[in-house]
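Residue numbers (my numbering): 282 to 861.
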């Protein structure tokens, strides 16, 4: 098939393309002049009317090269005789001034100003008034109004439910996911001239979000005039130059104290320890794997990583249940929260001050249990999920997942069949029967030929420990005790195959069974834990569990940053900032 285009056609196509491009640029740069401030509103209204008449779509407005995707929502603000909403006589009115300031400072919300036409609006506004001619560009004023209207609705949508579609990490415009009243709230913001209150009302109300937003803004302001680059650890040929760069970096972040007495190596070790404490890393003063990963972050990259935590909060449900489990992967810990329904502990009544402090917790989620946990390795990650704890299994068997069976257990058995005896494993066939391990030709088995399961017998040496907390999920993970407790006291608690190992398993079991203490008193529960016999305790009421990924968290005590251990924030930030 001949796909060559004749020279005449190619030339005609090129001329046509250039013609329409020039015409497009002419339209974009076209000015409509108003001689006096009194004329601006009238002529700008005429320009708005012209834009609407030229538009052929109900849900989208193309303005020069900008697609105003929220047009279907904000067009009703412009009646049959449209007027400007955000300016008056060629300058900002209070509503426009307020909205422009919010868009300019979008980063305080963890958002990007130019996602809301900031540079274009700023440029147009600066070009409205011509000092030499003493006239106004009314067409620019009309464009500013439409761009700000789109920015307002888009900003409100992103504050409400974020920029991503969480399940797929697609940056999509999906109004259906927003709160049902979001459109009415934004309409109210314009009609009542209370833009900021409208936007604030659409944000998450969780303490975790509120504190994080506050601390993030504080971080931006404190570091506004400070800058630092990433530190490269590859192909270091000049050690002196490398150490100088590292010192400069640690000075910028306030970790290197040159006034301390001691050798350069001691000062550097102290500076690294200071930095590690800020990042909740093991403060050993050494440049280990995670410390290097963290130091590779430039100031801008670090800020973007923190922004992703604000983004994730916008994906959360508006209100959490009255009690729930919250596992955070980067910090490798568990918080159990419960709603304070207003019962004041008698001890709070001793003084007016303590009672007032207690009253502030009424109606809020209160921390009732905290525990360190061990989560999945980067290569065997703990999944992000929502589930419900439905039963407690005391002295569980551990049936080894197939991936662990052929990757780890089978090779160990092929080296030494006594491994099964040492680790208390039974071999189970397809009928569920225990097989004599001597009857199996282990050398012939492999990944594609493994007709057996490995099941670890109950007891203190079981990998699941003495208790398992089950919640149904498609990943087959759960919360459990462990026979390997040494990791709970370490900073690097990313050691499991995906399940969540729990330090305070006894306190967790007591909390989950407390509503049923008539049938199961705590002393009976304690006996169960001391007797190696399997028992299943079904929950009287299931308890929700949320496993999440927040590398930056904040509460009333301040900001806490953790290593992006699975590099999920890095991936998200690259998508958000792609091409920017």
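Virtual Cβ for every residue (Gly too), placed ideally from N, Cα, C.
Computed from a prediction, not measured in an experiment: that's the story for all the values here.
query                                                                                                                                                                                                : result
Rounded to whole angstroms, how far is the Cβ of residue 582 from the Cβ of residue 511, which I believe are closer than 8 angstroms?                                                                : 7 angstroms
Please report the Cβ distance between residue 504 and residue 580, rounded to the nearest whole angstrom; I am assuming they are in contact, meaning their Cβ atoms lie under 8 angstroms.           : 7 angstroms
Tell me whether residue 701 is buried or exposed, calling it buried when 16 or more other Cβ atoms sit within 10 Å of its Cβ.                                                                        : buried
When DSSP labels each residue in this structure, what does residue 720 get in the three-state scheme?                                                                                                : helix
Let's test the definition: count the other Cβ atoms within 10 Å of the Cβ of residue 317 and tell me whether it reaches 16, buried, or not, exposed.                                                 : exposed
Kindly indicate the opening and closing residues of the beta strand (DSSP E) around residue 647.                                                                                                     : 646 to 657
In chain order, what residues of the same chain have a beta carbon less than 7 angstroms from the beta carbon of residue 665, not counting five sequence neighbours either side?                     : 828, 829, 830
Grouping DSSP H, G and I as helix and E and B as strand, with all else coil, what is residue 428?                                                                                                    : helix
Leaving out the 5 sequence neighbours to the left and right, which residues in its chain are closer than 7 angstroms to residue 397 when beta-carbon positions are compared?                         : 384, 387, 432, 435, 436
Going by DSSP, which residues form a beta bridge with residue 662?                                                                                                                                   : Looking at the DSSP assignment, residue 662 forms no beta bridge with any residue, so it has no partner.
Could you check what DSSP says for residue 303 in three-state terms: helix, strand or coil?                                                                                                          : For residue 303, the predicted structure reports a pLDDT of 46, less than 50, and the residue's modelled location is therefore unreliable. The matter cannot be settled from this model.
Helix, strand or coil for residue 774 per DSSP?                                                                                                                                                      : coil
Just the Cα atoms here: how many angstroms apart are residue 709 and residue 658?                                                                                                                    : 28 angstroms
Give every residue of the same chain whose Cβ lies closer than 8 angstroms to the Cβ of residue 753, excluding the five residues on either side of it in the sequence, and list them in chain order. : 668, 669, 671
Could you pull the start and end residues of the beta strand (DSSP E) that residue 343 belongs to?                                                                                                   : 342 to 344
Are at least three pairs of beta-carbons, each pair with one atom in the region 779 to 792 and one in the region 740 to 751, less than 8 angstroms apart?                                            : yes
Using the three-state DSSP reduction, which class does residue 618 fall into: helix, strand or coil?                                                                                                 : strand
Looking only at DSSP bridge pairs, what is residue 546 linked to?                                                                                                                                    : Partner(s): none; residue 546 has no beta bridge.
Could you tell me if residue 304 is buried or exposed, where buried requires 16 or more neighbouring beta carbons within 10 angstroms of its beta carbon?                                            : Residue confidence for residue 304 is low, a pLDDT of 47 falling below 50, so the modelled location carries little weight and cannot support an answer.
Should residue 376 be labelled buried (16 or more other beta-carbon atoms within 10 Å of its own) or exposed?                                                                                        : buried
Does residue 852 pass the burial test, meaning 16 or more other C-beta atoms within 10 Å, or should it be called exposed?                                                                            : exposed
Please confirm whether residue 483 and residue 466 have their CB atoms less than 8 angstroms apart.                                                                                                  : yes
Determine, using beta carbons only, whether residue 772 and residue 562 come nearer to each other than 8 angstroms.                                                                                  : yes
Threshold first: 3 residues or longer. Then list the beta strand (DSSP E) segments lying entirely within the region 357 to 436, N to C.                                                              : 416 to 418
Assuming residue 231 is part of the alpha helix (DSSP H), what are its boundary residues?                                                                                                            : No answer is possible for residue 231: it lies beyond the span of the chain, which begins at 282 and ends at 861.
By the DSSP assignment, the alpha helix (DSSP H) with residue 481 in it spans what residues?                                                                                                         : 476 to 483
If you draw a straight line from the alpha carbon of residue 814 to that of residue 739, how long is it in whole angstroms?                                                                          : 8 angstroms
Using only the alpha-carbon positions, how far apart do residue 324 and residue 422 sit?                                                                                                             : 9 angstroms
At which residues does the beta strand (DSSP E) containing residue 589 begin and terminate?                                                                                                          : That residue, residue 589, is in no beta strand (DSSP E); its alpha helix (DSSP H) goes 580 to 594.
Among all the DSSP beta bridges, which residues are the ones paired with residue 812?                                                                                                                : BP columns for residue 812 are empty, so no partner.
How about residue 611 and residue 858: are their beta carbons less than 8 angstroms apart?                                                                                                           : no
Can you look up residue 759 in the DSSP assignment and give me helix, strand or coil?                                                                                                                : coil
In chain order, what residues of the same chain lie with their CB nearer than 8 angstroms to the CB of residue 902, ignoring the 5 residues before and after it?                                     : No answer is possible for residue 902: the residues shown for the chain start at 282 and end at 861.
Taking three-plus beta-carbon pairs below 8 angstroms as touching, is the region 587 to 605 in contact with the region 832 to 850?                                                                   : yes
Counting contacts by CB-CB distance shorter than 8 angstroms, is residue 444 in contact with chain B?                                                                                                : Annotation note: the requested chain B is absent from the structure, which comprises a single protein chain.
Could you pull out every residue in the same chain whose Cβ sits closer than 8 angstroms to the Cβ of residue 441, ignoring the five residues on either side in sequence?                            : 459, 460, 463, 483, 484, 595
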